[in-house]
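Scroll down for the structure; my scribbles are underneath it.
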């Protein structure tokens, strides 16, 4: 954007501070008017005939634009990808701990990369790994959607899960509460 003396057109279509149309005026008259009311003359549409210029406080305009960008950046949720590693022969206790961690990551809104690492001759029995990843998928059915189905990458099998939308979780928890109320009512009667 060009401002004040940077504008080179002999005539400009001028817009006032409040957005009202002033009309086509000479560049000198537009600069004089801007100086008189202590604002800047800013070229908005340089391609138009004549170019469109507006009277505004350019510093304030730049500040507001940067503030809008900053606010938009703050509102933007950054999704992180967390990784949990399994082995084909992961023990039940370790499995439950890792499953709890997966649930907490998903509830925080993060994507999760589930990695299953094969060592040595374990590569010959990949069906154990597939079964384990299917079990993880089934156990996390209420919390996650499979974004990338299990696939082999070198000596490891990878599956990516993303969290389900919160509305879905709320509706399921409401259904569970209603079922509890119904079962309580049946027991008490």
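In our numbering, the protein residues as written are 1 to 189.
Yeah, the Cβ is synthetic: ideal placement off N, Cα and C, and Gly gets one too.
Item to complete: Please find out if some non-hydrogen atom of the ligand COA comes closer than 8 Å to the beta-carbon of residue 12.
Response: Looking for the ligand COA in the displayed structure turns up nothing, as the structure carries no ligands at all.
Discussion item. Just to check my reading of the structure: residue 156 and residue 115 have Cβ atoms closer than 8 Å, yes? What is that Cβ distance to the nearest angstrom?
Written reply: Position 156 of the chain shown, counting from 1, holds the residue named residue 156. Position 115 of the chain shown, counting from 1, holds the residue named residue 115. For residue 156 against residue 115, the beta-carbon gap comes to about 5 Å, under 8 Å, which counts as contact.
Item to complete: Give the DSSP-derived three-state secondary structure of residue 123 in the structure shown.
Response: The sequence position of residue 123 within the chain shown is 123, counting from 1. Shown here, residue 123 sits in a helix according to DSSP, grouped into three states.
Discussion item. For residue 88, count the other beta carbons within 10 Å of its own beta carbon; 16 or more makes it buried, fewer makes it exposed. Which is it?
Written reply: Translated into the one-based positions of the chain shown, residue 88 becomes position 88. Classification for residue 88: buried.
Discussion item. Quick check: what's the CA-CA separation for residue 57 versus residue 22?
Written reply: Taking the first residue of the chain shown as position 1, residue 57 is located at position 57. Taking the first residue of the chain shown as position 1, residue 22 is located at position 22. Looking at the two C-alpha atoms, the distance is approximately 17 Å.
Worksheet item: Can you tell me whether DSSP reads residue 10 as helix, strand or coil?
Response: Within the chain shown, residue 10 is the residue found at index 10, counting from 1. Residue 10: coil per DSSP, three-state reduction.
Discussion item. So, does the stretch 73 to 84 touch the stretch 113 to 130, judging by three or more C-beta pairs under 8 Å?
Written reply: Enough Cβ pairs lie closer than 8 Å, so yes.
Worksheet entry | residue 38 - DSSP class collapsed to helix/strand/coil | As a first step, residue 38 is located in the chain shown; it is residue number 38 there, counting from the start. Note: residue 38 maps to coil in three-state DSSP.
Worksheet item: Ends of the alpha helix (DSSP H) at residue 105?
Response: The count along the chain shown starts at 1 and reaches residue 105 at position 105. Per DSSP, residue 105 belongs to the alpha helix (DSSP H) from 92 to 107.
Worksheet item: Rounded to the nearest angstrom, how far is the Cβ of residue 3 from that of residue 41, given a contact under 8 Å?
Response: In the chain shown, residue 3 corresponds to position 3, counting from 1. In the chain shown, residue 41 corresponds to position 41, counting from 1. Going by Cβ atoms, the distance from residue 3 to residue 41 rounds to 6 Å, so yes, they are a contact pair.
Worksheet entry | Residues near residue 18 by beta carbon distance below 8 Å, same chain, minus five either side | Reading the chain shown from its first residue, position 18 is the one you call residue 18. Closer than 8 Å at the Cβ level, and outside the excluded window around residue 18, lies no residue.
Worksheet entry | Inter-residue spacing [alpha-carbon to alpha-carbon] between residue 26 and residue 165 | By one-based count along the chain shown, residue 26 stands at place 26. By one-based count along the chain shown, residue 165 stands at place 165. Near 57 Å, if we compare the C-alpha coordinates of residue 165 and residue 26.
Worksheet entry | Backbone secondary structure at residue 118 - three-state DSSP | Position 118 of the chain shown, counting from 1, holds the residue named residue 118. Residue state, collapsed to three classes: coil.
Fill in: Cβ contact (3+ pairs, closer than 8 Å) linking the stretch 126 to 134 and the stretch 142 to 158
At 8 Å Cβ cutoff, the stretches touch.
Discussion item. Using a 10 Å radius around the Cβ and a threshold of 16 neighbouring Cβ atoms, would you call residue 143 buried or exposed?
Written reply: Against the chain shown, residue 143 aligns to sequence position 143. So residue 143 ends up on the buried side.
Worksheet entry | Distance between residue 137 and residue 68 (C-alpha atoms, nearest Å) | Taking the first residue of the chain shown as position 1, residue 68 is located at position 68. Taking the first residue of the chain shown as position 1, residue 137 is located at position 137. It is roughly 41 Å from the alpha-carbon of residue 68 to the alpha-carbon of residue 137.
Worksheet item: Per DSSP, what kind of secondary structure is residue 140 in: helix, strand or coil?
Response: The residue you call residue 140 lines up with position 140 of the chain shown. Per DSSP, reduced to three states, the secondary structure at residue 140 is coil, with no helix or strand assignment.
Worksheet item: Since residue 59 is in the alpha helix (DSSP H), which residue starts that stretch and which ends it?
Response: Taking the chain shown and counting its residues from 1, the one referred to as residue 59 is at position 59. It spans 58 to 75 - the alpha helix (DSSP H) in which residue 59 sits, taken as one unbroken run.
Worksheet entry | residue 63 versus residue 74 - alpha carbon distance | Residue 63 sits at position 63 when you count from the first residue of the chain shown. Residue 74 sits at position 74 when you count from the first residue of the chain shown. Distance between the alpha carbons of residue 63 and residue 74 is about 16 Å.
Practice prompt. Would you tell me roughly how many angstroms separate the C-alpha atoms of residue 99 and residue 153, rounded to the nearest one?
Written response: Mapped onto the chain shown, residue 99 falls at position 99. Mapped onto the chain shown, residue 153 falls at position 153. Each residue's Cα considered, the two are about 22 Å apart.
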